[in-house]
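Student:
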Amino acid sequence: RVMYIHEWGCEEVKVWLKSEGFEKYSELLCEKHEVDGDVLLSLTEKDLRNPPLQFKKLSDIKKLWRCLKLLQQKSKIERRVLNVNITNKEFPTIGVVNLQTPGCSWHANRYLPHSVKLLRFNLESDQYKMANSCPKHEYLSVDLLHNLSLFVSFLYATFVSWVTAYMMVLVHERVPDKQKYPPLPDIFLDNVPLIPYAFQLAELCGLSLAIVWLFILFFHKHRMILLRRFFSIASSVFLLRSVTIIVTSLSVPGQHLQCSVTAMYHSAWQRFVRATEIVAGFGMTLTGVHTCGDYMFSGHTAYLTLFNHLITEYTPSKYYRLHTFSWVLNLFGIFFVLAAHEHYSIDVVIAFYITSRIFLYYHMLANTRCYWYSKRVKIWFPLLSYFECNVPGKIPNEYCWPVTRSDVKRWIQPLYKKNK
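Take 1 as the starting number for the sequence shown in the UniProt record's numbering and just add one per residue.
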């Protein structure tokens, strides 16, 4: 049977050494010192330098130690991904070299198709591929872990939404007087005439992208992971926005905007109520929410860009018409934000750059699992390492109905037995 790395025997260690180009040390390690998988994972650079191994060439020491560190990290990923307790002998054993999922689950959506490759490592030998079937097992702890992380991401999004709304209330009270502080010079606003209904068109572009994203989310096989990532990225972007809008108050970009400085709230409770109204209305003028002063950076542009990147990331590349449609809505939405003279050009540029960079950087770290190797990444992105700890690499774009016939039977069966 296929084994975990820590269960490797001397023969498996020999195969690994040969694949990494260290076949000349097979006799020393495997025959003379009987190094198996468990011992291999515990080796250090000091062990390679000192007796009894005492390698002579510095290059071999450094290269083998680098491979050993990578192997140790792969072993950790393997156990973490599958939520395996290595002392539990009931679990199936899986080779870390080419993890596949022929019917076995690694997240709350239960099952992946037969051919999906979760992690790709160096060896290609059939000796290390996963067995063709997994025993039936209740992945309760895995489901709870994913549901808990999804709930935490939702709380994070709710908290950031309210904080941002509260900051918008404070900023509105501090908006500069239009008579004393006229609009700042802006290349776009100075040369493009005001289109009164443009901001509503920008919000309609955002709603169209949101509907497409919800449709994808509904049918995507890994919808829980996608939803968690949406909450995490959007919250991080708007948490930064709540800081940027409060630290510097820009003058109103257009004389047509009705920004009354006298619209003050005399108590924290009134501000709380107003912030709640903004959250309930999603900060949109279509729902009757009108605010001033929250210019750097544009929240509408941030959501347009985020929805666009989500749609293009979680649909296959062959859907190029959908991707083109998404980008067109994104760019037209940005144009309408500027044409409405609701934001300065710099607000839109910064919003697009920050949102796209955070999205791409988040997915780069999640897909490559860099936080397994870098303590610095764990320190700077603690929520990333928490949310993505059980996601083994890039998410395959697969679609299915959210509720299957077996799910319905599983829900109805206990009720049927109870009535009996």
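Glycine residues also receive a C-beta, built at the ideal position from the N, C-alpha and C atoms.
Can you tell me which residues form a DSSP beta bridge with Y295?
Tutor: According to DSSP, which records beta bridges pairwise, Y295 is partnered with nothing at all.
Student: So D347 and F297 are supposed to be a Cβ contact under 8 Å. How far apart are they, rounded?
Tutor: Contact flag correct, Cβ pair sits at about 5 Å.
Student: Going by alpha carbons, who is nearest to G254 out of T368, P196 and V273?
Tutor: When only C-alpha atoms are compared, the closest one is P196.
Student: Whose CA, out of S326, H290 and T301, lies closest to the CA of D169?
Tutor: One point to set straight first is that residue 169 is Val, not Asp, in the sequence displayed. With distances taken between Cα atoms, V169 lies closest to H290.
Student: Rounded to the nearest angstrom, what separates L184 and L250 at their Cα positions?
Tutor: L184 and L250: Cα-Cα distance of roughly 8 Å.
Student: Nearest-angstrom Cα distance between F159 and L360?
Tutor: Computed Cα separation, rounded: 23 Å.
Student: Considering only DSSP beta bridges, list what H220 is partnered with.
Tutor: According to DSSP, H220 bridges with Y399.
Student: According to DSSP, is M284 part of a helix, a strand, or is it coil?
Tutor: Residue state, collapsed to three classes: coil.
Student: Along the chain, where does the alpha helix (DSSP H) that runs through T324 open and close?
Tutor: Where T324 is concerned, the enclosing alpha helix (DSSP H) stretches over Y320 to A339.
Student: Is it right to say L64 is buried, meaning 16 or more other beta carbons lie within 10 angstroms of its own, or is it exposed?
Tutor: That one is buried.
Student: With three or more C-beta pairs closer than 8 Å as the rule, is the segment 401-416 touching the segment 215-232?
Tutor: Result yes; three or more Cβ-Cβ pairs closer than 8 Å.
Student: Once you ignore the five residues that flank L17 on each side, which residues in its own chain have a CB closer than 8 Å to its CB?
Tutor: Counting only Cβ-Cβ distances below 8 Å, and skipping sequence neighbours, we find E23, Y25, S26, L29 and C30.
Student: Note down, one range per segment and in chain order, each alpha helix (DSSP H) of at least 4 residues found wholly within the segment 221-272.
Tutor: Listed in chain order, the complete alpha helix (DSSP H) runs (minimum 4 residues) inside the segment 221-272 are 223-247.
Student: Exposed or buried, which one is L415 when buried takes at least 16 other CB atoms within 10 Å?
Tutor: So L415 ends up on the exposed side.
Student: Assess, as a yes-or-no matter, whether the segment 319-332 is touched by the segment 232-239 under the definition of 3 or more beta carbon pairs within less than 8 Å.
Tutor: The segment 232-239, when compared against the segment 319-332, does not touch it at the 8 Å Cβ threshold.
Student: Label P51 either buried or exposed according to how many other C-beta atoms from any shown protein chain fall within 10 Å of its C-beta, with 16 as the threshold for buried.
Tutor: Answer is exposed; the Cβ neighbour count stays below 16.
Student: For the putative contact between residue 490 and A202, defined by C-beta atoms under 8 Å, what is the C-beta separation to the nearest angstrom?
Tutor: In the structure as shown, the chain starts at 1 and stops at 420, and residue 490 therefore has no counterpart that could be examined.
Student: Would you kindly work out how many angstroms separate the C-alpha atoms of T164 and F272, rounded to a whole number?
Tutor: Using only the alpha carbons, I get a separation of about 12 Å.
Student: I believe Q200 touches T285 by the beta-carbon criterion, under 8 Å. Please report the beta-carbon distance rounded to the nearest angstrom.
Tutor: 6 Å between Cβ atoms; contact.
Student: Leaving aside the five residues before and after W411 along the sequence, list all residues of the same chain whose C-beta is less than 8 Å from its C-beta, in chain order.
Tutor: Nothing meets the Cβ criterion.
Student: Under three-state DSSP, which class holds D190?
Tutor: D190 falls in the helix class under three-state DSSP.
Student: Report the option in K318, S149, W213 and L155 whose CA atom is closest to the CA atom of Y303.
Tutor: Ranking K318, S149, W213 and L155 by Cα distance to Y303 puts W213 first.
Student: Between residue 426 and the rest of its own chain, which residues show a CB-CB distance below 8 Å, the 5 nearest in sequence each way excluded?
Tutor: Any answer about residue 426 is impossible in this case: the structure gives the chain only from 1 up to 420.
Student: Given S149, which residues of its chain have a CB within under 7 Å of its CB, disregarding the five upstream and five downstream residues?
Tutor: So the qualifying residues of the chain are R228, Y386 and F387.
Student: Tell me whether P182 is buried or exposed, calling it buried when 16 or more other Cβ atoms sit within 10 Å of its Cβ.
Tutor: With fewer than 16 other Cβ atoms within 10 Å, it is exposed.
Student: Exposed or buried, which one is S153 when buried takes at least 16 other CB atoms within 10 Å?
Tutor: The residue is buried, with at least 16 neighbouring Cβ atoms inside 10 Å.
Student: Within a Cβ cutoff of 8 Å, which residues of the same chain sit near V408, ignoring the five residues on either side of it in sequence?
Tutor: So the list is empty, once near-sequence residues are dropped.
Student: Within 10 angstroms of its Cβ, does Y295 collect 16 or more other Cβ (buried), or is it exposed?
Tutor: By the neighbour-count rule (16 or more Cβ atoms within 10 Å), Y295 is buried.
Student: Which stretch, first to last residue, makes up the alpha helix (DSSP H) that contains R174?
Tutor: Run containing R174: none; DSSP gives neither H nor E here.
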